Every structure is written in structure tokens, then in C-alpha cells.
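Asks: First the structure, which I've put down as C-alpha cells, then a few questions once you've had a look.
Residue numbers (this note's numbering): 611 to 690.
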């Protein structure tokens with residue numbers, strides 16, 4: 611999978627510190643239940659892990675996970 615093959619229909623697209631990232635997997639809750647995370651790539655196809663803080667107290671019972679986090683503002687991007 612490369613950057614150009616990912617789009618709004620098959621990826622979560624976010625900007626962090628001015629760099630565009632496209633997820634290569636669906637975001638999931640980490641083992642601690644404190645944040646969502648997903649692997650992603652940048653325009654140079656470098657792999658990263660994107661983290662989003664959970665902002666909804668009752669995220670486990672949401673029918674629509676779009677309210678669980680501020681998806682447009684990841685809390686951290688870690689190079690893998």
C-alpha cells in the first residue's frame with residue numbers, strides 16, 4: 611500500500627504539524643483504553659503510528675465512533 615493509493619474512501623486522512631498522513635488500518639483503542647491509534651504513512655511512504663486521545667467519557671457505548679475522539683487533531687505521531 612502506498613500514499614497515492616489511499617484516499618478518503620479507504621483511509622483516515624489527518625494533518626499533524628503540517629504533514630499529511632493517511633492511515634493504513636482502521637483506528638482502534640489501545641490496550642490501556644486511553645487512546646485510539648492506527649498505523650499510517652506520509653507522502654514519502656514512511657510508516658508512523660498516529661494516536662488520538664479519547665475525548666468521550668462513554669466511548670465504549672457509542673454507536674458512532676466519530677464522537678470518540680477529535681479525529682482532525684491527533685495527539686501524537688510516532689515514527690516507526
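Glycine included, C-beta positions come from ideal geometry on N, C-alpha and C.
Keep in mind that this is a model prediction, so the values were computed, not measured.
By Cβ distance, which residues of its chain are closer than 8 Å to residue 627, with the 5 residues on each side in sequence left out?
Replies: Closer than 8 Å at the Cβ level, and outside the excluded window around residue 627, lie 687.
Asks: Tell me where the beta strand (DSSP E) around residue 659 begins and ends.
Replies: That run of the beta strand (DSSP E) goes 657 to 663.
Asks: In the structure shown, what three-state DSSP assignment does residue 614 receive?
Replies: Helix at residue 614.
Asks: My understanding is that residue 652 touches residue 630, with C-beta atoms under 8 Å, so please give their C-beta distance in whole angstroms.
Replies: Contact flag correct, Cβ pair sits at about 7 Å.
Asks: With DSSP as the reference, please indicate the residues paired to residue 646 in a beta bridge.
Replies: According to DSSP, which records beta bridges pairwise, residue 646 is partnered with 639 and 662.
Asks: Along the beta strand (DSSP E) that carries residue 669, what are the first and last residues, could you check?
Replies: No beta strand (DSSP E) holds residue 669; DSSP gives it neither H nor E.
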